[in-house]
Amino acid sequence: MDALFKGKGAYNDFSYDLRDARDWSVASLKEIKCLSNITSFAVDPLSGLVAFGSSSGSIHIHGGPAVEKLFKLPKAASVKLLQFASSSFKLVCVDKNDTLHIWDLNVYGNPKLEKSFHVKNSVLSIALSPNHDHIFIAMKSGEIATFDLLCLRISPYTIPNMWKEFEEKMLASGMPFSPTPGSTTPLEMVHHPRDLNLLFLAYAGGIALCDITDRVALRHYELVLPPGAQGGMGYSDPDILQHRRPQVTALAVHPSGHLFAVGYTDGSIAFWAVEDEDKPLTVRTLDEDDVNVVNGERLAEMLSSQNPGGASSRTPQHISLREPIFKLTWSGSDLSHGRTILTMLGGTFPGDSGGVFALLFSALEPPSVLPAPTSSHAQQNLSPHIRAALVDSVKIKNQAFYSTSGLCQDFLLVPKDNPYFSCAYDPFAILLLSEEQGGTRCVQAYEFPPPEFSTTELSNEPSEPVQLAQTDSDQLLDEGLSSALEELDVPRDPAQLTLPTSLLSGMNAVLDGDVVRLSRYAYELLVGSEEPPPYESPMRGGAAYIDMEHANLQVMKFAKYHPNKLLVTHHRDLTVRFQDMSPQRLICLDELPLTTSWPTPLPLLTINVNALISEPSIASHHHPISPRNTEIQSAKLSAESQTCSVVFKSGHILVYRVPGEAQQMSVEAYPDDEELVTLGRVPTKGRFQPVLMIDNSHGSVTICEVSDLGLMAIAYFGGALLIVDLTIPKVIVRDIFDTKGKKDRGLHLHSPEGSGKYRMQSLSWVICGFGQDSTPRVRLMASHHSGSTHIFTLDRPHQDRPWTVSSDVKVTEGYEDPLPRSSFILNGRTGAVCKADKETFKASDVRGHSPRPSEDVHSFWISAGHKGVKCIANVNGSRVGRAEWGKGKVIECVEILARNGIYVLCAITATRELLTYALPSLDYMHSFQLPSTPNSAISLDDTGDYVDWTFDPRTNAVSQISLGTFFKINHPYNDTVVDLAVGRRSLPPQPQPIPLGPTTLLGSLLNYKRSVTGDQIDALLAGPDRPPIKPSHARIDPESQKQRESKAQAVASQTSGMGSASGLYSSLSTALAERGEMLGDLEEGFRSLETGTKNMVSQAKKLAAQQTAKGWFGW
């Protein structure tokens, strides 16, 4: 540091090594766009990928760590339908213009758009099966077309409007029948879970069971409520004394394939047996069973109470309308028989909380023995014993509710690895899509099934009687108390899973954030080496790799020496979340997939203040936090003290701390400090625990700064200042200015809002000398709007003693109208910033020293305002330098940049112009242009990394997060290459039919065809003129194929090394898939033997079926 500059004296040049513009390389590293306009989503169980479509025409695919893909439709249009084709690993999309788009995901790198095909009619729904390569397309005209995914063309096979044919047949028969308007509109299609030849078609009028091979409807299921039955609308229905036909809205099939559930417009759900089209098993709402059965007593009672003067007094105002059933999904985890869960959206009353219900049903247990039929009409009715078993299987044993903050629009179950059963088999997560303020969409992820379902069976088992004679009274008391506590134990709520940052919108939206640099010691204390829980994220597919062709491996080798950083964000849902921005997360010197994303979410550090607001010690306080209209203003992390302070717009402050032996806080606050409420006995989830609340008796907060020494300074809008010792806790300074500028240290005085002249705009904790006294002491620099700066000096004689404040408050003049966080003290010899942290405190040894004179400049004070900046020697000495920002330039933030012992003052304007100044002279050096976006704010750390927050003007929430740096040439971040196909599992065998007694065998004999394969379905749908199948766009060169296989082996080795449940499950799933492949090879080997015995087996089955039928009907 031998370079000098001219002035009143000669000082070291702290910026000499960055005066060359070539030493700077300003660049954007990564952009994260928050998806707030989601319209649809889909999951591929084999790969673990989840896709999201938006109203702007973009599609986002998310998988495992760092696996993200964003691509757009050829022409911008809202995504209407989205599904994965598990058979060929493709993504199918239908936009609002009824254009069908198909992407091949088996391509290394970016997905390839294979086809965009415009459907001439309006598309209402699509259906795909993992067993064949055709899409069923239901159109508004009622016709169902098919599209070949391999040949990329419309197939000749079509299905006519089967409900229209049914209505025409009913009208031609002369039976009383009146079709409802729009009844022939197809709404949904569901493949039979165990028979590829059967397809359930949901029309508005009812359900048709289609035989794909013969293109005929085997059965029609229409719900007709008899006169007097309450149905979903209840007894206030004005048409209750007439036959009613509620229209279909949703469909779901039981995993066994023997029954299905249908949702209707009146909010009811009908459960049908596949083999009985005449009468549903039961019809229920969320509140009542058998709403399709007439209850004469209740009907008479309700009619008399509602209509004492006649039927004409029933008006629409008296009708209690339920919402329709918008969506149904039937899931299970047992391939043969087991408990099932019906997840439903809708069926509630307007004004109820938004969300999704999960209904737990009993296992389907068919009777082992069936008595011989006694009626000649047995062939027309379902066996009473089988019907009773089916009815028992839809009795609710338990139910749970997944709530959303806004109006729930959709949900998606995420299965572990099985694509069958409508992608709902054995799910481990559920995604909820809700609409929030401003029309934004919010995605939430929770574990599934609900934890309380796992204890349902245990709670229903009879308990063992207590043997009084064999236990003494003390043991009985302990056992009784333990049993009582177990009975009173409330099941925990479903755990919320971690979502990528790009999916944080709506109620989860980011409101603001900051970048915090941590020492290695503080990083280990906060983050440590704790592993996240299994299934932390619902997305698990694909793999991301560093682009080694363009990576700077030399820089990556030294990334471990870079400082650690955290990205701290606060959200609309009253949470504070942490992400690891450390360059160490980017180190990957081998061709192995990345194990973490960057930034990396740290869910164990998440702070959720929602549960704390209703805590009695806060709710009963004379200044409680209101649950309504509460919003976080800022969150301040003090890493070394492991403290996070959450500041609310109401003026309240909550202090959280990570428990540890080195960090202790007194349980009770000082009785004179009415502002403080200790929270030491309030346990919460996560590592951060609440320890203190500071109420809003002094109004709203303008700025709050926490030092690593356990000291907090709070400046209020009205001019008040509080200094709190968080280790006791105790208010050690209560400085309040009245309207005349006089200070009053009284407890209850408070200046009126608006005394802006005395409002503090900048607070800085430093350790430095003052004037001719070079003794370093802990000081708080509080700068007012006028530039007047009050300096409070604090001391603590011993570590176990509380902090005290000197009565001698220094006053000096800084730059007028200071910026927040704009005061910096530089070491006079090295130029380093003198922060109030433990390392500086220990090195300075400020305890017990008397003032010592100094002949040299021991420090420089940098004071920055909205118009310029100045540097003063020894805080109150002579001016060393001064600079003006320039006319018309609006400065958003300033920071002292530290790089390899070189220090530079950086200022960023509203137009994203970076201004650099030498220290301490404040000579202008360079200006650089950063990427600029309107309506944004920027956060900058002292290493040259920045985060630019772009806000949505409709919601004031963050819509884009841009990560950048001033020194790209030395930053370890590199672009990644994503392979979506890595780790994708093989298709398991098709689930086989489950027998349900003679009725099933009879139905198979009379109505159903022999089971067909996926290849046979493809051949049937494509027709005899199917063109040659186009080759896949996957890598075909041997070297690339070898590269993918090696990377897949690397993923497998990483998975095998993990001790989590997800790793074990993946290994078992892979082994099961390999077993299925070996069985397939055996099947090929025995195909010749099957050909020789085919006729004999067919005749034997036919004879057995005939004998069973004769025994059943008594022939």
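The sequence shown begins at 1 in full-length UniProt numbering and counts up one residue at a time.
We put the CB at the ideal spot given by N, CA and C, even for glycine.
Quick caveat, the model's predicted, so the values are computed rather than measured.
Annotation: K887 is outside any beta strand (DSSP E) and is labelled neither H nor E by DSSP.
Bounds of any alpha helix (DSSP H) do not take in R1026, whose DSSP letter is neither H nor E. Taking all protein chains in view, the Cβ of Q992 is surrounded by fewer than 16 other Cβ atoms within 10 Å, so the residue is classified as exposed.
The C-beta distance from L150 to I102 rounds to 10 Å, too long to fall under 8 Å, and the pair is not in contact. Closest in alpha carbon position to D278, among G206, R829 and P934, is G206. DSSP places T501 within a helical segment (H, G or I) once states are collapsed to three. Cβ-Cβ distances below 7 Å link P226 to H243 and V294 in the same chain, with the five nearest sequence neighbours on each side left out; the list follows chain order. With a cut-off of 8 Å on Cβ pairs, the stretch 432-440 is in contact with the stretch 500-518, counting three or more such pairs. Under the DSSP assignment, E705 falls outside any alpha helix (DSSP H), being part of the beta strand (DSSP E) whose first and last residues are V701 to V706. Using a Cβ-Cβ distance cut-off of 8 Å, the stretch 180-187 and the stretch 123-140 are in contact, since at least three pairs of beta carbons, one from each stretch, lie closer than that value. When C-beta atoms of the stretch 574-589 are compared with those of the stretch 597-608, three or more pairs fall below 8 Å, so the two segments count as touching.
G332 is a Cβ neighbour of Y425, given a cutoff of 8 Å. With distances taken between CA atoms, S626 lies nearest to L612 out of K636, L612 and A635. Here DSSP, grouped into helix, strand and coil, assigns W949 to strand. Distance between L711 and T455, taken at the CA atoms: about 47 Å. By the 16-neighbour rule on beta-carbons within 10 angstroms, F349 is exposed. Our two residues, S863 and L432, have alpha carbons roughly 49 Å apart in a direct line. If you draw a straight line from the Cα of L321 to the Cα of V291, it is about 15 Å long.
Residue environment analysis places R628 among the exposed positions, since fewer than 16 neighbouring C-beta atoms fall within 10 angstroms of its C-beta.
Around the beta-carbon of V890, fewer than 16 other beta-carbon atoms lie within 10 Å, marking it exposed.
Note that the C-beta distance between S15 and A918 is below 8 Å.
The beta carbons of A559 and P593 sit no closer together than 8 Å.
The DSSP assignment places complete beta strand (DSSP E) segments of no fewer than 3 residues inside the stretch 12-95 at 27-33, 38-44, 49-54, 58-62, 68-72, 79-85 and 90-95, in order along the chain. Between V414 and the set F41, L241 and G142, the nearest pair of CA atoms involves F41. Straight-line spacing of the CA atoms in N161 and G142 works out to 5 Å. A direct Cα-Cα distance of roughly 35 Å separates D590 from Q444. DSSP, reduced to helix, strand and coil, places P415 within a strand of the structure shown. For the pair of segments examined, the stretch 934-948 was found to touch the stretch 513-522: the number of CB pairs separated by less than 8 Å reaches three. Between N970 and H550 a beta carbon distance of about 15 Å is seen, past the 8 Å cut, so the two are scored as non-contacting. The continuous alpha helix (DSSP H) containing Y521 extends over residues R520 to L526.
A Cβ-Cβ separation of about 17 Å leaves L382 out of contact with E222 under the 8 Å criterion. With contacts defined as CB atoms closer than 8 Å, F260 and A250 fail to qualify as a contacting pair.
Per the coordinates, the alpha-carbon of Q496 lies some 46 Å from the alpha-carbon of C768. Inter-segment contact for the stretch 800-818 and the stretch 832-844 is absent: fewer than three beta-carbon pairs are separated by less than 8 Å.
Secondary-structure assignment with DSSP links Q772 through no beta bridge to anything. For the set R657, D673, H785 and R687, the Cα lying nearest the Cα of F717 is the one of H785.
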